[in-house]
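Novice: Take 6 as the starting number for the sequence shown in this note's numbering and just add one per residue.
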Amino acid sequence: MSSLYPLPFNEQLIFFYNTASATLWFCCFGRFLILLPLVGRKFLPGGIADFFHVVCVLPLIGSILIRGALNTKWKLSSLWSLSNGLKMVWICYGVIFPHPKIAKHTSYSLLITAWCLQYFIHYSYHAFRIKTKRSPHFLFWLEYNNFYLTYPLGLVAEMILLFLSLAFVEENSLYDYVLKSAFLAYIPVAYFAWGHLQERKKVKYTEIMNKRNISRVRNSQDPVGTTATSVELREM
Numbered sequence: 006m007s008s009l010y011p012l013p014f015n016e017q018l019i020f021f022y023n024t025a026s027a028t029l030w031f032c033c034f035g036r037f038l039i040l041l042p043l044v045g046r047k048f049l050p051g052g053i054a055d056f057f058h059v060v061c062v063l064p065l066i067g068s069i070l071i072r073g074a075l076n077t078k079w080k081l082s083s084l085w086s087l088s089n090g091l092k093m094v095w096i097c098y099g100v101i102f103p104h105p106k107i108a109k110h111t112s113y114s115l116l117i118t119a120w121c122l123q124y125f126i127h128y129s130y131h132a133f134r135i136k137t138k139r140s141p142h143f144l145f146w147l148e149y150n151n152f153y154l155t156y157p158l159g160l161v162a163e164m165i166l167l168f169l170s171l172a173f174v175e176e177n178s179l180y181d182y183v184l185k186s187a188f189l190a191y192i193p194v195a196y197f198a199w200g201h202l203q204e205r206k207k208v209k210y211t212e213i214m215n216k217r218n219i220s221r222v223r224n225s226q227d228p229v230g231t232t233a234t235s236v237e238l239r240e241m
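Structure representation (structure tokens):
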């Protein structure tokens, strides 16, 4: 296919990582959708927790792997990915794993839904972009708009799980203060995170679509009748 480009080894590695990650997140969400109606939320952790928690390590691995494979400098978006990956690992292994009873709460199901949807879209989009240098428009739209659903859903679920975990931690212990501090920090951090996500959408989606529309208008007015080409997503 003319739309497929030969990739150097480092990009082949990243393509494999994105494809494998998208597959694992899809399988995790599929398992969740099968188990939830069969066993209910109280017995759900026994059938999915181990798998889900391992898959949640992928964003942290990816943020380090991609920087190393592409040999690029750390930017704000890179730090965002790294901090998000660290947060996910901490939620899974520092909050839920030591206190498995809290995973029986509905918030755990909300967390699985939010993260699975977000990262299945994310890795699918980047797998297409790396291999073909572009992406289907619906996937392009989802990548930069899914946060309107997944971010608030994940935020609420994480805060509830943090709050529930306080009942299982020794009061006035060091970790008790860590959990309480993290809980109180969620809202101000979420305010800045929401602004970052909106700015990311503006730069990487809205402005690109505006340029595409302007290009189409110009080409339609061109007396030669040239055809507008698709927008390549190299900078996204």
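Glycine included, C-beta positions come from ideal geometry on N, C-alpha and C.
(1) Do you know how far the Cα of LEU63 is from the Cα of LEU169?
(2) Going by the beta-carbon positions, is the gap between PHE20 and LYS136 smaller than 8 Å?
(3) State the DSSP-derived secondary structure class of LYS207, mapped to helix, strand or coil.
(4) Quick one: give me the first and last residue of the alpha helix (DSSP H) that ILE19 is part of.
(5) For the putative contact between LEU40 and LEU116, defined by C-beta atoms under 8 Å, what is the C-beta separation to the nearest angstrom?
(6) Suppose contacts are defined by Cβ-Cβ distances below 8 Å. Is ALA27 in contact with SER129 by that definition?
(7) For VAL100, which of GLU212, ALA195, VAL183 has the nearest alpha-carbon?
(8) When the Cα atoms are used, what is the spatial distance from LYS206 to MET93?
(9) Runs of 4 residues minimum, wholly inside the segment 117–204: which ones carry the alpha helix (DSSP H) assignment?
(10) Is the separation between the beta-carbon of ASP181 and that of LEU189 shorter than 8 Å?
(11) Considering Cα atoms alone, identify which of LEU202, SER140, TYR191, THR118 is closest to ARG36.
(12) DSSP three-state call for CYS97: helix, strand or coil?
(13) Measure the alpha-carbon distance for LYS80 versus HIS201 and round it to whole angstroms.
(14) Given this structure, state the Cα-to-Cα distance separating THR211 from TYR149, to the nearest angstrom.
(15) Mark THR111 as exposed unless 16 or more other C-beta atoms lie within 10 angstroms of its C-beta, in which case mark it buried.
(16) Residues in the same chain with beta-carbon distance under 7 Å from ALA187, minus the five sequence neighbours each way, listed in chain order, please.
(17) Indicate the three-state DSSP secondary structure (helix, strand or coil) for VAL60 in the structure shown.
Specialist: The relevant details are as follows:
(1) As a working mapping, residue 169 is identified with position 164 in the sequence shown. As a working mapping, residue 63 is identified with position 58 in the sequence shown. C-alpha separation (whole angstroms): 25 Å.
(2) Along the sequence shown, one-based indexing puts residue 20 at 15. Along the sequence shown, one-based indexing puts residue 136 at 131. Cβ distance < 8 Å, so PHE20 and LYS136 count as in contact.
(3) Position 202 of the sequence shown, counted from the start, is the residue given in the question as residue 207. The DSSP-derived three-state label of LYS207 is helix.
(4) Counting from 1 along the sequence shown, the entry for residue 19 is found at position 14. Under the DSSP assignment, ILE19 falls in the alpha helix (DSSP H) whose first and last residues are 14–44.
(5) Position 35 of the sequence shown holds residue 40. Position 111 of the sequence shown holds residue 116. 15 Å between Cβ atoms; not a contact.
(6) Walking along the sequence shown from the start, residue 27 turns up at place 22. Walking along the sequence shown from the start, residue 129 turns up at place 124. Cβ atoms of ALA27 and SER129: closer than 8 Å.
(7) Locating residue 100 in the sequence shown gives position 95, where the first residue counts as 1. Closest by alpha carbon: VAL183.
(8) For the purposes of this step, residue 206 is identified with residue 201 of the sequence shown, where counting begins at 1. For the purposes of this step, residue 93 is identified with residue 88 of the sequence shown, where counting begins at 1. In a straight line, the C-alpha of LYS206 is about 22 Å away from that of MET93.
(9) Positions of the alpha helix (DSSP H) runs, each at least 4 residues long and wholly inside the segment 117–204, are given as 142–150, 152–170 in order along the chain.
(10) The residue given as residue 181 occupies position 176 in the sequence shown. The residue given as residue 189 occupies position 184 in the sequence shown. Cβ atoms of ASP181 and LEU189: not closer than 8 Å.
(11) The residue labelled residue 36 in the question sits at position 31 within the sequence shown. Minimum Cα distance to ARG36 is reached at THR118.
(12) Position 92 of the sequence shown, counting from 1, holds the residue named residue 97. If DSSP states are grouped into helix, strand and coil, CYS97 belongs with the helices.
(13) Reading the sequence shown from its first residue, position 75 is the one you call residue 80. Reading the sequence shown from its first residue, position 196 is the one you call residue 201. Approximately 13 Å, taken between the alpha carbons.
(14) Within the sequence shown, residue 211 is the residue found at index 206, counting from 1. Within the sequence shown, residue 149 is the residue found at index 144, counting from 1. In this model, THR211 and TYR149 are separated by some 9 Å (Cα to Cα).
(15) Mapped onto the sequence shown, residue 111 falls at position 106. With fewer than 16 other Cβ atoms inside 10 Å of its own Cβ, THR111 counts as exposed.
(16) Translated into positions along the sequence shown, residue 187 becomes position 182. Cβ neighbours of ALA187 beyond the five flanking positions: LEU167.
(17) The residue labelled residue 60 in the question sits at position 55 within the sequence shown. VAL60 falls in the helix class under three-state DSSP.
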